[in-house]
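Add 1 to a position in the sequence shown, counting from 1, and you land on the number used in our numbering.
Comments concern the structure below.
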Amino acid sequence: MGSMQGKSGLVTASGAGIGRAAALAFAREGANVLVSDISEAMAAETVELIRAAGGTAEYFVADASKEEAAEQLVARVVELWGSLDFAHNNAGIGAPNAPFTEQEGPVWERMFNLNVFGTMYFMKHELRQMQKQGHGAIVNTASLAGKSGNPGLSAYTATKWSVIGMTKVAAAENAAAGIRVNAFCPGGTMTAALAGWKESSPEAFQAVADRVPMKRMAEPAEQAEAAVFLCSDAASYITGVALGVDGGDGILGHN
Numbered sequence: 002m003g004s005m006q007g008k009s010g011l012v013t014a015s016g017a018g019i020g021r022a023a024a025l026a027f028a029r030e031g032a033n034v035l036v037s038d039i040s041e042a043m044a045a046e047t048v049e050l051i052r053a054a055g056g057t058a059e060y061f062v063a064d065a066s067k068e069e070a071a072e073q074l075v076a077r078v079v080e081l082w083g084s085l086d087f088a089h090n091n092a093g094i095g096a097p098n099a100p101f102t103e104q105e106g107p108v109w110e111r112m113f114n115l116n117v118f119g120t121m122y123f124m125k126h127e128l129r130q131m132q133k134q135g136h137g138a139i140v141n142t143a144s145l146a147g148k149s150g151n152p153g154l155s156a157y158t159a160t161k162w163s164v165i166g167m168t169k170v171a172a173a174e175n176a177a178a179g180i181r182v183n184a185f186c187p188g189g190t191m192t193a194a195l196a197g198w199k200e201s202s203p204e205a206f207q208a209v210a211d212r213v214p215m216k217r218m219a220e221p222a223e224q225a226e227a228a229v230f231l232c233s234d235a236a237s238y239i240t241g242v243a244l245g246v247d248g249g250d251g252i253l254g255h256n
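Rendered as structure tokens:
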């Protein structure tokens, strides 16, 4: 029996990358998964992969920066399966490197709308449902950048510090209600973007990979395992943590 057997929940931005890997992992462990993505084609593909492996999933097309999307997704999980036992808030975006003196308001606004406000909206409605139930687990995708200072990535770094801060506050507020809230902090992970960088700039990519104590980047499936663990009963006494999944990169203060 899987660690999430009989549990129901959602994963945002699960049409690709870490989100897709997480949706697949939750389903593999027995969960009913509502796949959410802004791309219907990608969300549908994730559902097809889950079903082909014998899992249970539906999809919902949504812009994860909007509060109405959060409210609708939570309601849909409950409509489909009766409860919201877990939620993985994974949606987020980055931006090109730029020094602080060249930062632009619209870039920050777009990033905060999804990475911070979107995460807050989802947590708000997830927590409301979990409070009604008296149980639940939330995991947020943060970043190694949320634990340090990332030169050239001030907006992204600020959003991920915010995600970790929200995680800790929500954990403290809801622990007595039987609700756990955690985050995990990926280091470099072989998503499509990183794979593209490896292909276009192999030497630069390898230099970054070599500075990681484990001498490689993570696979999305390795990040997904952290999300599943933190939402499972195996983590029943863990709340308010920001778990580094970085191959040891955080030990050295890299970001």
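Don't be surprised by glycine CBs; every beta carbon is placed ideally from N, CA and C.
- Residue 106 and residue 83 have their alpha carbons spaced roughly 42 Å apart.
- Contact between residue 171 and residue 128 holds: CB atoms are separated by about 6 Å, below the 8 Å threshold.
- As the crow flies, the alpha-carbon of residue 76 is around 12 Å from that of residue 123.
- For the 7 Å CB-CB criterion, residue 214 and residue 189 do not form a contact.
- If you draw a 10 Å sphere on the C-beta of residue 80, you find fewer than 16 other C-beta atoms in it, and that means exposed.
- In the DSSP assignment, residue 175 falls within the unbroken alpha helix (DSSP H) covering 155 to 175.
- Taking 7 Å as the cut-off, the Cβ atoms of residue 24 and residue 15 count as close.
- Residue 144 holds the alpha-carbon nearest to the alpha-carbon of residue 227 among 44, 144, 104, 136.
- Counted as a single uninterrupted DSSP element, the beta strand (DSSP E) harbouring residue 138 occupies residues 137 to 142.
- Pairing residue 98 with residue 153 gives a Cβ-Cβ distance under 7 Å.
- In the DSSP assignment, residue 181 falls within the unbroken beta strand (DSSP E) covering 180 to 187.
- Judged by beta-carbon spacing, residue 156 lies within the 7 Å limit of residue 109, meaning their Cβ atoms are closer than that value.
- In the three-state reduction of the DSSP assignment, residue 213 falls in the coil class.
- Here the region 133 to 140 makes contact with the region 172 to 180; the two share three or more CB pairs at distances below 8 Å.
- Using a 10 angstroms sphere on the CB of residue 104, the tally of other CB atoms stays under 16, which defines it as exposed.
- Residue 158 sits buried, since 16 or more C-beta atoms from the chains shown fall within 10 Å of its C-beta.
- With fewer than 16 other Cβ atoms inside 10 Å of its own Cβ, residue 253 counts as exposed.
- The beta-bridge partner set that DSSP reports for residue 86 is empty.
- Bounds of the beta strand (DSSP E) holding residue 244 are 243 to 246.
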